[in-house]
DNA sequence: TCATGCCATGGAACCGGTTCCGAATTGGGA
DNA sequence: TCCCAATTCGGAACCGGTTCCATGGCATGA
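Residue numbers (this note's numbering), protein chains in the order written: chain G, 94 to 459; chain U, 94 to 459.
Here it is in structure tokens:
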């Protein structure tokens, strides 16, 4: 009857050393002589031994895992940030434990279980507003917290100035000579507090005011975050007759798509009858040639995760705040420039069965 | 000087009982009298005590976490499945540890660290082919493994018959009278083995053969999974002159988008000059009115996760296999039917600042 | 009244690592 | 040759739960 599981004690016995020595070897301590190091490593190899995560977690007092709280994960922009976060954490050897938060109750539940049970060493919140009382509790427990796509005083965060973004988008339309500029955005939600759309709206108002144009609330509309809703709202704006907007700033590309679809229904030519600019620079905006405001989404994720890694390594002293840069991507929906050819260079070759574009570095199967 | 951390011993001492009793209370054992139960619960409440995850993991011998291996996570279809998985796991009180796998090396690294360190109780692989030797190792260690969007004998899996799907899509085009039907798909990749596109291709060939049409490899093209690549490939097909296809089956909606964009460049009318059908029923296909094959993506995730939960609870005896149903969603890109109005009913109301569509059940901020 | 058995309970042993203290060995200098 | 310091190492104590066994109390039946 063999021993069931091989533990550190098994290795120690087998190698003829103490458990302490094996542990030192595992953790790369320099307090081990060359000879023993080799012997222990050999034994580990031979027994195919790996230390158990939960055991080392318990004695080390940390989990080597980071909790990621994500607001409605299905949104492409949120997704992109998440990918950035996961990649960096993974490279740092940290587990990424993902929690999808659809509403306030879920947020509370996840937070309390994460925090109280100490399941993770740190928390990254993406596009999410954390209740104040939770923040203080997290602070008291000294659990690192990093905000991505959000900003709070005295907390490390990677954020984007949505007000400036809204201003830039509106200014783009103003620079093209538009004066009647509409705004279509998300409902302001109190529960999860994704305030991005409202901030962009604020920027929109600022830009108008700076241009000496008073706000016309008839040109402003909000609804759920979907193309269909945006289409309905756009339709309402189009029916204003000669008072209808000549340009629309949609607070996200998803909404811009709905606006454009609806414009086509109304036989409005883009951009001559109606100029449109979105926000996020999602893939769909490039496909549909929609002008937009580019956010470094992936980068916001990687930056945030890097901060977390530094925090866990005790490398950052005080809260670090990083603001990422935005830029307007003018495309056909506002400029009307001739659509350009695919930017990437693709070489089509004759494949075994039909045409083929080979991918760089990829191994292909015949 | 107060005690630093409150442990189960603290609670036991405070409540005047043994640690065993507290543990029993925590785990809902019925071996505790009403009176002590109340007293212990009170103490727990008063001290705001929560058991430490890693400690219970160590002694219980399980982590209450599930590893999720995901192939290129950015693909919308993969994403949708992931969301389904996370939601179910979360409801079951299991942590979802996500690993993004971009290439074979990463897959190996993640797998070995997951498996050897026993970081998780089970593994869910989404749209991923696991190397045989890994499978046998996982089997030997008795770690539950569930495949989503993939199928292997003797393993629990949730899969979709891509061959049948490819056949359905092609038959749809055939039924509209098309005879010269092109195929645009992904490169067959050996490393991660996402064979979906190739399987759909197989279905395409079967449908053609059943209709008495021999395959014409001049109408077949493969490339990277992007709209741009698809556009380039489509362009090549369009330049075949009178031998050009009158219809194209794109193995995913992303590719179909590229095909349609390119058709517009070539002044081909959709669907009169060219009918197109995609695959996946992504949001973009509905926006652009592209016919497609609907896969229950979210459902595949939830089903897979449910299997995992059952497995971990020891409820399933032998490998359970579930095949989900597909259906063709005919839209304008093949039928040319008048575009329909938004399906959802939205009521536009006058909001505090502009128009507004209220969301069901959502709390709104003024 | 005493034997029997069940139920609630305390607490030691244990899960598998890490850490720290003390001991053993070695090397160098006096 | 002896002593001291540095280096290497063994192993007990510990992290904070869970589990199981032994124990004490109480009720039941004879």
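Heads up, the beta-carbon is just placed ideally off N, CA and C, and yes, glycines get one too.
### Task
Indicate whether residue 384 (chain U) and residue 363 (chain U) have their beta-carbon atoms separated by less than 7 Å.
Against a cut-off of 7 Å, the Cβ pair of residue 363 (chain U) and residue 384 (chain U) comes out as no contact.
### Query
Is the beta carbon of residue 192 (chain G) less than 7 Å from the beta carbon of residue 262 (chain G)?
No, these two residues do not count as a Cβ contact at 7 Å.
### Query
At what residues does the alpha helix (DSSP H) containing residue 358 (chain G) begin and finish?
Unbroken alpha helix (DSSP H) run through residue 358 (chain G): 346-358.
### Query
For the alpha helix (DSSP H) that contains residue 293 (chain G), what are its first and last residues?
For residue 293 (chain G), the uninterrupted alpha helix (DSSP H) segment begins and ends at 289-303.
### Task
Would you list, in sequence order, the uninterrupted beta strand (DSSP E) runs of no fewer than 3 residues that lie entirely inside the stretch 381-414 of chain U?
If we require 3 residues or more, the beta strand (DSSP E) runs fully inside the stretch 381-414 of chain U come out as 385-387.
### Simplified DSSP assignment, three categories, for residue 222 (chain G)
The answer is coil: DSSP assigns residue 222 (chain G) none of H, G, I, E or B.
### Message
So, with DSSP's three-state summary, where would you put residue 101 (chain G)?
### Response
In the three-state DSSP reduction, residue 101 (chain G) falls in the helix class (H, G or I).
#### Entry: the stretch 168-179 of chain U: positions lying closer than 7 Å to chain G by Cβ
So the list reads 172, 176, 179, given in the order they occur along the chain.
### Query
Okay, do the stretch 171-190 of chain G and the stretch 385-401 of chain G touch, 3+ Cβ pairs below 8 Å being the bar?
Short answer: they touch.
### Task
Give a yes or no on whether 7 Å exceeds the smallest Cβ distance from residue 209 (chain U) to chain G.
By this cut-off, residue 209 (chain U) is an interface position.
### Query
Mind listing which residues of the stretch 142-159 of chain U have their C-beta closer than 8 Å to chain G's C-betas, in chain order?
So the list reads 143, 144, 145, 146, 147, 148, 150, 151, 156, 158, given in the order they occur along the chain.
### Task
Give me the Cα-Cα distance between residue 224 (chain G) and residue 237 (chain G), rounded to the nearest whole angstrom.
If I take the Cα positions, the gap works out to 16 Å.
### Within chain U, the residues that residue 447 (chain G) reaches when beta carbons sit closer than 8 Å
Here the neighbours are 276, 310, 311, 312, 313, 314, 315.
#### Entry: Element boundaries [alpha helix (DSSP H), containing residue 176 (chain G)]
Judged by DSSP secondary structure, residue 176 (chain G) falls within the alpha helix (DSSP H) whose first and last residues are 169-184.
### Message
Quick check on residue 188 (chain U) - is its C-beta less than 7 Å from some C-beta in chain G?
### Response
So, interface residue.
### Query
Per the contact definition of three or more C-beta pairs closer than 8 Å, is the stretch 440-451 of chain U in contact with the stretch 309-323 of chain G?
Yes: the two stretches touch, three or more of their Cβ pairs being nearer than 8 Å.
### Query
At what residues does the alpha helix (DSSP H) containing residue 323 (chain G) begin and finish?
For residue 323 (chain G), the enclosing alpha helix (DSSP H) begins and ends at 320-331.
### Query
Does the Cβ of residue 293 (chain G) lie closer than 6 Å to at least one heavy atom of the ligand SAH?
Absent from the structure shown: the ligand SAH. Ligands present: none.
### Query
Mind checking if residue 236 (chain U) is an interface residue toward chain G, Cβ cutoff 7 Å exclusive?
Answer no: the Cβ-Cβ gap between residue 236 (chain U) and chain G never drops below 7 Å.
#### Entry: Closer than 7 Å to chain G by CB, residue 439 (chain U)
At least one CB atom of chain G sits nearer than 7 Å to the CB of residue 439 (chain U).
### Query
From residue 83 (chain U) to residue 366 (chain U), what does the alpha carbon distance come to, in whole angstroms?
The question about residue 83 (chain U) has no answer here: the residues shown for chain U are numbered 94 through 459.
### Message
Within 7 Å of any Cβ in chain U, is that where the Cβ of residue 388 (chain G) sits?
### Response
By this cut-off, residue 388 (chain G) is not an interface position.
### Task
Measuring alpha carbon to alpha carbon, tell me which of G:368, G:345, G:126, G:346 ends up nearest residue 356 (chain G).
Measuring from the Cα of residue 356 (chain G), the nearest candidate turns out to be G:368.
### Task
Taking residue 256 (chain G) and residue 292 (chain G) to be in contact with their CB atoms under 8 Å, please state how far apart those CB atoms are, rounded to whole angstroms.
At roughly 5 Å, the Cβ-Cβ gap stays under 8 Å, so residue 256 (chain G) and residue 292 (chain G) are in contact.
### Query
Per DSSP, what kind of secondary structure is residue 124 (chain G) in: helix, strand or coil?
Here residue 124 (chain G) sits in coil by DSSP.
### Residue from G:309, G:334, G:260, G:270 with nearest C-alpha to residue 300 (chain G)
Nearest of G:309, G:334, G:260, G:270 to residue 300 (chain G), Cα basis: G:260.
#### Entry: Inter-residue spacing [alpha-carbon to alpha-carbon] between residue 241 (chain U) and residue 218 (chain G)
Cα to Cα, residue 241 (chain U) sits roughly 28 Å from residue 218 (chain G).
### Counted within 10 angstroms of its Cβ, other Cβ atoms place residue 235 (chain G) as buried (16 or more) or exposed
Note on residue 235 (chain G): under 16 other CB atoms within 10 angstroms of its CB, so exposed under the neighbour-count rule.
### Message
Can you list, in chain order, the residues of its chain with a C-beta nearer than 6 Å to that of residue 349 (chain U)? Leave out the 5 residues immediately preceding and following it.
### Response
Correct list, in chain order: 343, 369, 371, 383.
### Query
In terms of residues, what are the limits of the alpha helix (DSSP H) holding residue 264 (chain G)?
According to the DSSP assignment, residue 264 (chain G) belongs to the alpha helix (DSSP H) that extends over 255-268.
### Task
Note down, in chain order, every chain U residue with its Cβ under 7 Å from the Cβ of residue 193 (chain G).
The contacting residues are 176, 179, 180, 183.
### Task
Under 8 Å by Cβ, that's how I've got residue 170 (chain G) and residue 417 (chain G) pegged, so tell me the actual separation to the nearest angstrom.
About 13 Å separates the two Cβ atoms, so there is no contact after all.
### Query
Which chain U residues are close to residue 292 (chain G), counting only those with a beta carbon under 9 Å from its beta carbon?
Correct list: empty, because the minimum Cβ distance to chain U is about 13 Å.
### Message
Give me the subset of the stretch 344-355 of chain G whose CB atoms are less than 7 Å from a CB atom of chain U, sorted by chain position.
### Response
The residues in question are 350, 354.
### Message
Output needed for residue 133 (chain G): all residues of its chain with C-beta closer than 8 Å, excluding positions within five of it in sequence on either side, in chain order.
### Response
Cβ within range, chain order: 104, 108, 110, 114, 115, 118, 125.
### Query
Is residue 198 (chain G) helix, strand or coil by DSSP?
Looking at residue 198 (chain G) - three-state DSSP - the assignment turns out to be helix.
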